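Quick note: the first sequence uses my numbering, first residue 1, plus one each step.
All C-beta atoms in this analysis are idealised placements derived from N, C-alpha and C, irrespective of residue type, glycine included.
Treat the numbers as computed from the prediction; the structure is a model and nothing was measured.
Okay, so here's the structure we're looking at.
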Amino acid sequence: MEMRLYDTLSRETLPLYAADGKRLRMYACGPTVYGPAHIGNFRTFSLLDVLRRTMEIAGLNPLYVRNITDVDDKTIKGSAKDGTSLYEFTRKWTEKFHADCALLDLIVPDVEPRATEHIPEQVAIVEKLLASGHAYVGGDGSVYYRVACFCEYGKLSHFHPEELQTQDTNSAGKANSADEYDREQVADFALWKARKDEDGAVHWPGPRNPDTGLAIEGRPGWHLECSAMSIKYLGESFDLHAGGEDLCFPHHENEIAQSEAATGKPFSRHWMHCVHLLAEGKKMSKSLGNFYTLADLVAQGYDARAVKYLLISSSYRSQLNFTVANLKGAESALKKLDKGINSLLAKAGIGREEFESEAIARADAADALGTPFGPAIAALFDDMNTAASLGALWNALRDDSSASRAALSALKTVLYALGIQPIPSKDEELGADEAPEEVVSLAQKRWEAKQARDWGAADTLRKQLAELGWTILDRKDGWSLKKG
RNA sequence: GGCGCGGUCGCCAAGUGGUAAGGCCGAGGUCUGCAAAAUCUCUAUCGGCGGUUCGAUUCCGCCCCGCGCCUCCA
1 MEMRLYDTLS
11 RETLPLYAAD
21 GKRLRMYACG
31 PTVYGPAHIG
41 NFRTFSLLDV
51 LRRTMEIAGL
61 NPLYVRNITD
71 VDDKTIKGSA
81 KDGTSLYEFT
91 RKWTEKFHAD
101 CALLDLIVPD
111 VEPRATEHIP
121 EQVAIVEKLL
131 ASGHAYVGGD
141 GSVYYRVACF
151 CEYGKLSHFH
161 PEELQTQDTN
171 SAGKANSADE
181 YDREQVADFA
191 LWKARKDEDG
201 AVHWPGPRNP
211 DTGLAIEGRP
221 GWHLECSAMS
231 IKYLGESFDL
241 HAGGEDLCFP
251 HHENEIAQSE
261 AATGKPFSRH
271 WMHCVHLLAE
281 GKKMSKSLGN
291 FYTLADLVAQ
301 GYDARAVKYL
311 LISSSYRSQL
321 NFTVANLKGA
331 ESALKKLDKG
341 INSLLAKAGI
351 GREEFESEAI
361 ARADAADALG
371 TPFGPAIAAL
381 FDDMNTAASL
391 GALWNALRDD
401 SSASRAALSA
411 LKTVLYALGI
421 QPIPSKDEEL
431 GADEAPEEVV
441 SLAQKRWEAK
451 QARDWGAADT
461 LRKQLAELGW
471 TILDRKDGWS
481 LKKG
């Protein structure tokens with residue numbers, strides 16, 4: 001079954017395929033490492049992870065490149081504020097990002113290039129563009145892209161350059177200082193920024209000024225790195241480029257302009273954009289108090305798996321509103337999912353270990369489609385409909401014919417694609433040896449009171465345990481304890 | 001002003017020209033000394049008004065409401 005995905009460029013849902021017949025070459029814009037990534041960032045990265053996984057089970061053999069932006073205004077400012085080098089500063093936040101990715105069980109990209117490690121490649125593109133007249137040195141010594149030179153400018157975001165209206169403030173709420181003095185047109189964007197005092201030690205010998213023949217010291221503009229690195233690792237033309245919806249314009253539009261002008265070839269063939277997450281009904285921002293990071297949520301005791309479940313619970317093309325209530329709902333759902341899988345295994349007479357081991361392999365997608373879990377796979381193949389896929393997963397879990405080896409293989413495939421690993425029968429029940437002695441002794445006393453049919457004493461002891469934060473789970477023949 | 005997305009059960013969220021998947025919450029049953037846990041069952045006519053059609057939530061038009069992007073936010 002063919003996998004299809006909506007393409008921003010053509011505004012059509014098109015089949016995904018590897019142009020070279022071997023690997024589907026995909027580039028995703030990664031984070032700018034200047035602070036903790038928030039869950040909105042991770043909605044995009046989680047969805048792209050599902051995409052990567054789904055392409056894998058579809059046999060598309062993805063080659064996944066996702067960059068790290070480690071030089072820009074914010075990283076420079078942040079490192080200056082911290083009194084550390086740009087390198088140290090961005091390493092710190094990159095490590096934090098990787099830790100969060102691991103918590104969410106995101107597959108590590110095949111290549112994760114950093115902007116600062118690809119300066120020569122970026123400079124080479126600027127020099128090409130200068131030579132062909134697509135770029136010019138502006139009044140401030142920086143190199144700008146001449147948008148007027150690229151007649152297809154706007155083809156991705158479907159904006160007409162002449163209709164672009166410069167807002168009073170940018171998305172960060174800061175005033176746009178879009179003065180035309182340095183540039184020929186407001187729409188022109190910086191390819192290479194000339195060195196400024198506030199950049200401190202952050203500068204490289206840049207492209208040669210065609211007029212003087214001298215290198216222009218400075219640093220790359222924002223869009224340039226993605227062109228340079230995607231071309232380096234995937235070739236001048238590749239299969240798919242993805243990112244958050246905010247990147248569509250100007251970032252991706254500018255990538256297309258500079259790449260296609262530099263190579264003379266079509267850049268990415270297919271474009272995918274993940275719609276943003278809202279938090280408590282509004283765009284996430286620190287001032288609104290609805291700014292969530294994964295670390296915060298985990299520290300509050302929420303399960304990272306539940307965060308991921310929630311983040312992928314609506315289609316990548318629709319907005320998702322994150323609320324704590326929904327996160328709790330996701331936790332409940334996940335608990336039930338674990339149980340559902342356990343009982344399915346029990347019905348099939350297959351042990352948890354056998355299920356997790358190689359004994360039951362992930363099904364080939366074609367085989368999986370014929371099982372009750374088929375619809376869950378088909379939904380992912382159809383424009384990566386994660387919400388429909390989860391719905392189909394629940395349906396299949398209730399299907400009696402799901403208790404077969406073939407179906408369980410298919411289940412493994414679905415869980416792999418969604419990137420949700422079931423937790424082995426972790427029903428939070430603790431045996432006597434796992435709780436504090438005091439608690440165990442209270443529980444035992446209460447059990448004895450109960451056996452003696454002394455309900456008053458039994459209820460008092462149960463209350464005492466509740467005050468200590470433990471719940472008694474009664475059985476016919478005994479008791480166990482649950483925290484909370 | 002330009003481009004785009006969306007309004008489906010209390011909440012989240014799929015979907016289709018022929019009478020609405022799923023999850024959460026809630027309610028009820030079973031179990032239980034009671035409670036919890038477990039388990040089973042139940043819960044919508046799709047923003048408004050017109051139009052096309054044998055038939056529209058699904059297509060078209062208008063209106064109302066919400067949201068995103070419009071130069072460095074995933």
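Going by the beta-carbon positions, is the gap between Thr-69 and Val-111 smaller than 8 Å?
no
Apply the 10 Å Cβ neighbour rule to Asp-211 and answer buried if 16 or more other Cβ atoms are within range, or exposed otherwise.
exposed
Output the boundary residues of the beta strand (DSSP E) element that contains Ile-472.
470 to 474
Can you give the beta carbon distance from Leu-24 to Ala-18, rounded, assuming they're within the 8 Å contact cut?
4 Å
DSSP three-state assignment for Ala-37, whether helix, strand or coil:
coil
Round the Cβ separation of Phe-42 and Leu-104 to the nearest angstrom and send it over; I've been treating them as touching at under 8 Å.
6 Å
Between which two residues does the alpha helix (DSSP H) holding Thr-413 run?
405 to 418
Residue of Thr-84, Thr-44, Thr-54 minimising C-alpha distance to Asp-382:
Thr-54
Short check: CB of Val-143 to CB of Pro-207, under 8 Å?
yes
Round the Cβ separation of Asn-67 and Met-272 to the nearest angstrom and send it over; I've been treating them as touching at under 8 Å.
So it is not a contact: roughly 16 Å between Cβ atoms.
I'd like to know whether the C-beta atoms of Ser-46 and Ile-312 end up nearer to each other than 8 Å.
yes
Grouping DSSP H, G and I as helix and E and B as strand, with all else coil, what is Ser-314?
coil
Residue closest to Ser-237, alpha-carbon to alpha-carbon, out of Asp-20, Ile-377, Lys-482
Asp-20
Buried/exposed call for Pro-62, threshold 16 Cβ in 10 Å
buried
Could you tell me the distance, in whole angstroms, from the CA atom of Cys-274 to the CA atom of Leu-481?
43 Å
Can you round the beta-carbon distance between Ala-330 and Leu-310 to whole angstroms, since I take them to be within the 8 Å contact cut?
4 Å
Please report the straight-line C-alpha distance between Arg-362 and Ala-58, rounded to a whole angstrom.
12 Å
Looking only at its chain, what residues have a beta carbon closer than 7 Å to the beta carbon of Glu-280, apart from the 5 residues adjacent to it on each side?
Asn-290, Thr-323
Hey, could you find the ends of the alpha helix (DSSP H) Ala-325 is sitting in?
324 to 348
Quick one: complete alpha helix (DSSP H) runs, 4+ long, within the stretch 184 to 241?
224 to 234
Cα separation between Lys-196 and Ile-360?
60 Å
Please state the DSSP three-state secondary structure of Ile-57.
helix
Any idea if Gly-133 is buried or exposed, counting beta-carbon neighbours within 10 angstroms, 16 or more meaning buried?
exposed
Compute the beta-carbon to beta-carbon distance between Val-71 and Pro-220, rounded to the nearest angstrom, for a pair I have assumed lies under 8 Å.
7 Å
Member of Ala-449, Val-440, Arg-475 whose CA lies at the smallest distance from the CA of Leu-465
Val-440
Close Cβ partners of Tyr-6 (< 6 Å) along its chain, the five nearest in sequence each way excluded:
Thr-13, Asp-383
Per DSSP, Thr-69 forms a beta bridge with which residues?
Thr-32
Is the CB-CB distance between Asp-182 and Asp-246 below 8 Å?
no
Return the first residue and the last residue of the alpha helix (DSSP H) that Lys-96 is part of.
86 to 103
What does the Cβ neighbour count give for Asn-254, buried or exposed, with the cut at 16 atoms within 10 Å?
buried
Sub-8 Å separation of Glu-225 and Ala-115 beta-carbons:
yes
Which word fits Gly-30, buried or exposed, when buried means at least 16 other C-beta atoms lie within 10 angstroms of its C-beta?
buried
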